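Asker: Those letters in the sequence shown? Residues 430 to 804, by my numbering.
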Amino acid sequence: MNRLYFDSAATTALDPQVLEAMMPYFQNKYGNPSSIYSYGRETRLAIENARKSVGKILNAHPAEIFFTSCGTESSNTAITGSVRDLGCKRIITSPIEHHATLHTVEYLDHRDEAKVSYVNILPDGHIDMDHLAELLAASDEKTLVTLMHANNEIGNITDIHAVGELCVQHGAIFHSDCVQTVGHFHFDLRNTPVHFISGSAHKFHGPKGAGLLYINENVHIKPYVHGGGQERNMRAGTENVYGIVGFAKALELATTHFETESNYIRGLKYYLMEQLQQHLSDVSFNGDAAGRSNYTVLNVSFPKSEKSEMLLMNLDMAGICASGGSACTSGAQQGSHVIRAFNNDPNRIPVRFSFSKFNTKEEVDVLVAKLKELV
Ligand SMILES: Cc1ncc(COP(=O)(O)O)c(C=O)c1O
Numbered sequence: 430m431n432r433l434y435f436d437s438a439a440t441t442a443l444d445p446q447v448l449e450a451m452m453p454y455f456q457n458k459y460g461n462p463s464s465i466y467s468y469g470r471e472t473r474l475a476i477e478n479a480r481k482s483v484g485k486i487l488n489a490h491p492a493e494i495f496f497t498s499c500g501t502e503s504s505n506t507a508i509t510g511s512v513r514d515l516g517c518k519r520i521i522t523s524p525i526e527h528h529a530t531l532h533t534v535e536y537l538d539h540r541d542e543a544k545v546s547y548v549n550i551l552p553d554g555h556i557d558m559d560h561l562a563e564l565l566a567a568s569d570e571k572t573l574v575t576l577m578h579a580n581n582e583i584g585n586i587t588d589i590h591a592v593g594e595l596c597v598q599h600g601a602i603f604h605s606d607c608v609q610t611v612g613h614f615h616f617d618l619r620n621t622p623v624h625f626i627s628g629s630a631h632k633f634h635g636p637k638g639a640g641l642l643y644i645n646e647n648v649h650i651k652p653y654v655h656g657g658g659q660e661r662n663m664r665a666g667t668e669n670v671y672g673i674v675g676f677a678k679a680l681e682l683a684t685t686h687f688e689t690e691s692n693y694i695r696g697l698k699y700y701l702m703e704q705l706q707q708h709l710s711d712v713s714f715n716g717d718a719a720g721r722s723n724y725t726v727l728n729v730s731f732p733k734s735e736k737s738e739m740l741l742m743n744l745d746m747a748g749i750c751a752s753g754g755s756a757c758t759s760g761a762q763q764g765s766h767v768i769r770a771f772n773n774d775p776n777r778i779p780v781r782f783s784f785s786k787f788n789t790k791e792e793v794d795v796l797v798a799k800l801k802e803l804v
């Protein structure tokens, strides 16, 4: 059975060109980057070249680029560092963040290290900017704002420039979880009022286990992982050399082909929207699907029925990978904290389809035909 993969917001296939760039560092170039002889210098150079390349693409200084193990680690480091080292006593976030953010802020709140406030979500899934301004104005305490760039479940995009400007006005620190957008959008960090962003290679055809943390040169936090002096004393542990090389190569490829690939993927998303509206009754889309939305993600809302409740399991049996949201156990829908935050209709079933450059229109046709049968 041919598998159809519509879950690229969960993870993507490694690009063969990325694997090719990584291969030498699995085999011949295995020196420890901290060793001072030539084997070590060779891998050190690979890491520093990767850092330069990533910095250039994101328009940041290489010294602002830190490689981590994943997006989750990056967000944990930024959020915890803001509280413990930058004096943030208050955190403003949203109820639709990824658990990498939500569980970190809950932990800090639980330990009385910071108080957490949640910004309201509008019916279209966007954050309520007026409420954010009110929350920021409500206290003089040093505040961290942590809001994601694109939501992983519904695709909604937050204007991080507008959030950053508000943070500047109120002297707040701003972290943005950009795991769904690094490698999918152009970044100009030097001209973006943000202190930290998180990214992750496996969301844009890079390897798993390779994350990015951008730390603006004007903020200084202490290490989150202690030990050796790697990553300029910010993250101890022998570097994931092939992962870092893969991160940089994947970002380089994504950037080179950005215009064609993003238009192609957006075309697939709009085609699926159109086909669903044409062939199925009573489907709608969660979030702002045709508006300020990531071109990679479409969250479809199906009417609840005995059949649609089994949809993910039946899609899986038909070899089609899609996702019900944040949690899905044995095909049974656990409910999504994201959908719940703005549209708690118990009579709808949300399913996320997410796309990559490796999907085709023919695959969308097969998907729609299957959905006609299953819903
Ligand atoms: C928005 C968002 N943030 C954070 C993460 C976590 O990234 P990683 O898998 O690299 O830890 C993900 C991935 O699932 C994500 O989609």
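Cβ coordinates follow ideal geometry from the N, Cα and C atoms, glycine included.
Note that the structure is predicted; figures quoted are calculated from it, not measured.
1. Mind pulling the beta strand (DSSP E) runs of 3 or more residues that sit fully within the segment 608-676?
2. Restricting to Cα atoms, I'd like to know which of L618, D553, G720 is closest to E646.
3. By the DSSP assignment, the beta strand (DSSP E) with P779 in it spans what residues?
4. Starting from V797, trace the alpha helix (DSSP H) both ways and give me its first and last residue.
5. Measuring CB atoms only, is the segment 773-781 touching the segment 685-693, in the sense that at least three cross pairs come out at less than 8 Å?
6. Hey, which unbroken runs of the beta strand (DSSP E) at 3 residues or more fall wholly within the segment 580-606?
7. Any idea if G666 is buried or exposed, counting beta-carbon neighbours within 10 angstroms, 16 or more meaning buried?
8. I need the straight-line Cα distance from N373 to G675, nearest angstrom please.
9. When DSSP labels each residue in this structure, what does G760 get in the three-state scheme?
10. Return the chain-ordered list of same chain residues with a C-beta closer than 7 Å to the C-beta of K481, the five sequence neighbours on each side being excluded.
11. Apart from the five residues on each side of it in sequence, which residues of its chain come closer than 8 Å, Cβ to Cβ, to Q704?
12. I need the straight-line Cα distance from H604 to V574, nearest angstrom please.
13. Is DSSP giving D878 helix, strand or coil here?
14. DSSP on L741, reduced to helix/strand/coil?
15. How many angstroms separate the CA atom of R695 from the CA atom of A718?
16. Based on the DSSP output, what are the partners of V534 in its beta bridges?
17. Which of the three DSSP states is assigned to V812 in this structure?
18. DSSP puts H749 in a beta bridge; with which residues?
19. Does the structure place the segment 505-520 close enough to the segment 529-543 that three or more beta carbon pairs sit under 8 Å?
20. Quick check: the Cα distance between D444 and F455, rounded to an integer number of angstroms?
21. Have a look at F583 and R781 and give me their C-alpha separation to the nearest angstrom.
22. Report yes if the C-beta distance between Q609 and N772 is below 8 Å; otherwise report no.
23. What first and last residue would you give for the beta strand (DSSP E) that runs through K544?
Answerer: In short:
1. With a minimum length of 3 residues, the continuous beta strand (DSSP E) runs that stay inside the segment 608-676 are 625-629, 640-644.
2. The residue with the shortest Cα to Cα distance from E646 is L618.
3. That run of the beta strand (DSSP E) goes 777-783.
4. Run containing V797: 790-803, per the alpha helix (DSSP H) assignment.
5. Contact between the segment 773-781 and the segment 685-693 is absent, with fewer than three C-beta pairs closer than 8 Å.
6. Taken in chain order, the whole beta strand (DSSP E) runs of length 3 or more contained in the segment 580-606 are 602-606.
7. Here G666 is exposed, its C-beta having fewer than 16 other C-beta atoms within 10 Å.
8. No answer is possible for residue 373: it lies beyond the span of the chain, which begins at 430 and ends at 804.
9. A caution first: G760 carries a pLDDT of 45, below 50, which makes its placement in the model unreliable, though a value can still be read off. Of the three classes helix, strand and coil, the one that applies to G760 here is coil, per DSSP.
10. Residues P491 of the same chain have their beta carbon placed closer than 7 Å to that of K481, with the five preceding and five following residues left out of the count.
11. For Q704, where only same-chain residues beyond five positions count, the Cβ hits under 8 Å are V793, D794, V797.
12. Roughly 6 Å separates the two Cα atoms.
13. Look at the range of the chain in this structure, 430 to 804, and you will see that residue 878 is not part of it.
14. DSSP places L741 in the helix class (H, G or I) of the three-state scheme.
15. Just so you know, the alpha carbons of R695 and A718 end up roughly 11 Å apart.
16. Paired residues: none, contrary to the question.
17. The structure shown does not extend to residue 812, since the chain is modelled only from 430 to 804, so the question has no answer here.
18. In the sequence as displayed, the identity of residue 749 is Ile instead of His. Answer by DSSP bridge pairing, in chain order: L433.
19. The segment 529-543, when compared against the segment 505-520, does touch it at the 8 Å Cβ threshold.
20. Looking at the two C-alpha atoms, the distance is approximately 16 Å.
21. Correcting the residue type first, residue 583 is Ile in the shown sequence and not Phe. Linking I583 to R781 through their CA atoms gives a straight-line distance of about 7 Å.
22. No, Cβ-Cβ distance for Q609 and N772 is not below 8 Å.
23. It spans 544-547 - the beta strand (DSSP E) in which K544 sits, taken as one unbroken run.
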